[in-house]
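S.K.:
Number of protein chains: 2
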Amino acid sequence: MTARELAGKELAARIRADVAQRAAARRAEGRPARLVIVTATDDEASAWYVRSIASAAAKTGIDCDVDDLGPAATAAGIADRLMALSGDASVDGVMLQTPLPPGVALADVSGAIDPAKDVDGANPLSLGRLAAGLPAYAPATAAAVVALLDEHDLEAAGARAVIVGRSAVVGKPLAHLLLDRDATVTVCHSRTRDLAAVTSTADVLVAAVGRTHLITPAHVRPGVVVVDVGTNPTPDGGLAGDVDPAVAGVAGALTPVPGGVGPVTTALLLQHVLD
Amino acid sequence: MTARELAGKELAARIRADVAQRAAARRAEGRPARLVIVTATDDEASAWYVRSIASAAAKTGIDCDVDDLGPAATAAGIADRLMALSGDASVDGVMLQTPLPPGVALADVSGAIDPAKDVDGANPLSLGRLAAGLPAYAPATAAAVVALLDEHDLEAAGARAVIVGRSAVVGKPLAHLLLDRDATVTVCHSRTRDLAAVTSTADVLVAAVGRTHLITPAHVRPGVVVVDVGTNPTPDGGLAGDVDPAVAGVAGALTPVPGGVGPVTTALLLQHVLD
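So the protein lines, in turn, are chains A and B. Each residue of the first sequence is one higher than the one before, starting from 22 at the first, in my numbering. Each residue of the second sequence is one higher than the one before, starting from 22 at the first, in my numbering.
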């Protein structure tokens, strides 16, 4: 058995086409869509990700500025900048890239992003609104997981969904999105005992933990749908997921890395800028 | 086998004694602690609950006003009132009692409660901050579940916790509190398939769904710790939990209804007013 591949490229292309059309209309009206990415790190992987977003934005006709505050930025400095951008009428979306400088927590500064411009759902208020069932931007990665399930006609309602990873940017918001879709949701993490016993109960398994090939064939039952959120750098400069490729021999469906959640995430981030 | 009773009365009494001491100190300083409960319903059970909070507040030396806007109140009217109370320096805590008038959703108006006065954690921002690991008031009921586990030396870390009920006032915030305690957390609800199969995996089972005796011996495995959040009115004017009393023959520990989560909830709500 080889798992059906849950590719994200076609879906991402469709979303980008929609974005490009709306961005062109905005430009024709003389008010081009604009995303500002605030960074405060010299982390290489982060810089690579920011460049890929900027490049995708340019291709879809969204103006994208990278506002680099440098790795010595303070929490107050970052929050001030986010507040200024939130109040700037020429800016549609504000994204704060991680990692942040030592001692600066995302949750401590992301509250300065206006929820209406919080295109990557970083403000705790966005997460709270999501949990309360109010309109809010979900973090693009969490939204991408649900969009991929929809794309491939995989029903979340009634399914047992197991999420490995409890971060405020993926695991927790995704739990709320899947609960909202009527899945029965379990969140696992590094302190979970007998992880394989829990993940084996899943109809839909989402790995979002950032550890290369943590999920092995021993963690899944035959036929399960596996969504791999991991993008771990490999020694040869590539990307590896959180899911061991051998899982494809057991699972019913599996997202590729790269080419699965990643491109959909970027496309949805851009779509949020236009929304 | 008969389950150990996880009583809440002693814990509640200790919390109230602490509250009374701090409330007396505040009164001696000439600025008595003050809670305002906003209601907009003529629901009988709600009125009973509000009276019980007001009575507990009076006994601990907290001034408690009930601000009844009546069942015809509008969302705008309720939000305006919550905003005014949030800005009133004489008010320490603001609580909005449910049910609300038809067409008014708690999440739509509770954003008007200043998070610093949101003693029952109703503002979506409070929930988001909780999820993001920031200081915030949890809804008193969710906080009471965790306090009861602590009181009886029941370790959440590493445990499989199953919560039945996905409300924004109990199930969801409790999921975040238990994740924060390193439990592996599953949230079930009305659309969960084969509920008994899921609840049987629990080391700690929390029933917070509002359906009398939904959880039967068939839903639990021997030795499980069961916390019953349900307070369903009985025809004879009493209270029944979400857990069938026969579960005591299988479970290792069980909270009574009444006398379990309820009194701890009220005591914690008052403690939040002083915090």
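Where is the CB? At the ideal position from N, CA and C, for every residue including glycine. Only a predicted model underlies this, so the values are computations on that prediction, with no experimental measurement involved.
1) With 7 Å as the C-beta to C-beta threshold (strictly closer), list the residues of the stretch 70-88 of chain B near chain A in chain order.
2) Shortest alpha-carbon distance to residue 53 of chain A belongs to which of A/76, A/37, A/85 and A/74?
3) I think residue 191 of chain B touches residue 162 of chain B, with their Cβ atoms under 8 Å apart; what is that distance to the nearest whole Å?
4) Output, in sequence order along the chain, the residues in the stretch 213-226 of chain B whose CB is closer than 8 Å to any CB in chain A.
5) Counting Cβ pairs, one atom from each stretch, are 3 or more of them under 8 Å apart for the stretch 109-119 of chain B and the stretch 132-139 of chain B?
6) So if DSSP puts residue 254 of chain A in a beta bridge, which residue, or which two residues, is it bridged to?
7) Taking all protein chains shown into account, do 16 or more other C-beta atoms lie within 10 angstroms of the C-beta of residue 123 of chain A, making it buried, or fewer, making it exposed?
8) Among A/216, A/171, A/296 and A/87, which has the Cα closest to the Cα of residue 246 of chain A?
9) Can you give me, in chain order, the residues of the stretch 146-162 of chain B that have a beta carbon less than 9 Å from any beta carbon in chain A?
10) Could you check if residue 49 of chain B is buried or exposed, using at least 16 other CB atoms within 10 Å of its CB as the buried criterion?
11) Closer than 7 Å by C-beta to residue 104 of chain B: which residues in its own chain qualify, once you throw out the five before and the five after it? Chain order, please.
12) Determine the contact status of residue 187 of chain A and residue 210 of chain A, defining contact as a CB-CB distance below 8 Å.
13) Contact between the stretch 144-161 of chain A and the stretch 87-97 of chain A: three or more CB pairs below 8 Å?
14) Of all the CB atoms in chain A, is at least one closer than 8 Å to the CB of residue 105 of chain B?
15) Could you tell me if residue 73 of chain A is buried or exposed, where buried requires 16 or more neighbouring beta carbons within 10 angstroms of its beta carbon?
16) Using a cut-off of 8 Å between C-beta atoms, extract the partners of residue 187 of chain A located in chain B.
17) Using a cut-off of 8 Å between C-beta atoms, extract the partners of residue 274 of chain A located in chain B.
18) Taking C-beta pairs closer than 8 Å, name the residues in chain A that residue 206 of chain B reaches, listed in chain order.
19) So with Cβ pairs under 8 Å, would you call residue 263 of chain B a contact of chain A?
20) What separation, rounded to the nearest whole angstrom, lies between the Cα atoms of residue 292 of chain B and residue 241 of chain A?
21) How would you list, in chain order, the residues of chain B whose beta-carbon sits under 9 Å from the beta-carbon of residue 229 of chain A?
22) Given that a residue counts as buried once 16 or more other Cβ atoms are within 10 Å of its Cβ, and exposed if not, what is residue 181 of chain A?
23) Show which residues of chain A have a CB atom less than 9 Å away from the CB atom of residue 179 of chain B.
24) For residue 279 of chain B, which residues in the same chain have their Cβ closer than 7 Å to its Cβ, ignoring the five residues on either side in sequence?
25) Alpha carbon to alpha carbon, how far is residue 235 of chain B from residue 62 of chain B?
26) Considering Cα atoms alone, identify which of B/265, B/30 and B/275 is closest to residue 283 of chain B.
27) How should residue 213 of chain B be labelled, buried or exposed, when 16 other C-beta atoms within 10 angstroms of its C-beta is the threshold for buried?
28) Within the same chain, show all residues whose beta-carbon is closer than 8 Å to that of residue 75 of chain B, passing over the 5 residues directly before and after it, in chain order.
29) Please state if the CB of residue 83 of chain B and the CB of residue 288 of chain B are separated by a distance shorter than 8 Å.
30) Given this structure, state the Cα-to-Cα distance separating residue 121 of chain A from residue 127 of chain A, to the nearest angstrom.
31) So if I threshold CB-CB distances at 7 Å, which residues from the stretch 116-131 of chain B count as touching chain A?
M.R.: Taking the geometry as given:
1) none
2) A/85
3) 5 Å
4) 213, 214, 219 and 222
5) yes
6) A/260
7) exposed
8) A/171
9) 146, 147, 148, 149, 150, 151, 152, 153, 154, 155 and 157
10) exposed
11) 133
12) yes
13) no
14) no
15) exposed
16) 200
17) Those do not exist, as residue 274 of chain A stays about 19 Å from chain B at its closest Cβ, beyond 8 Å.
18) 207 and 208
19) no
20) 45 Å
21) The contacting residues do not exist; residue 229 of chain A stays about 14 Å from chain B at best.
22) buried
23) 212, 213 and 214
24) 260
25) 27 Å
26) B/30
27) buried
28) 58, 85 and 87
29) no
30) 7 Å
31) 128
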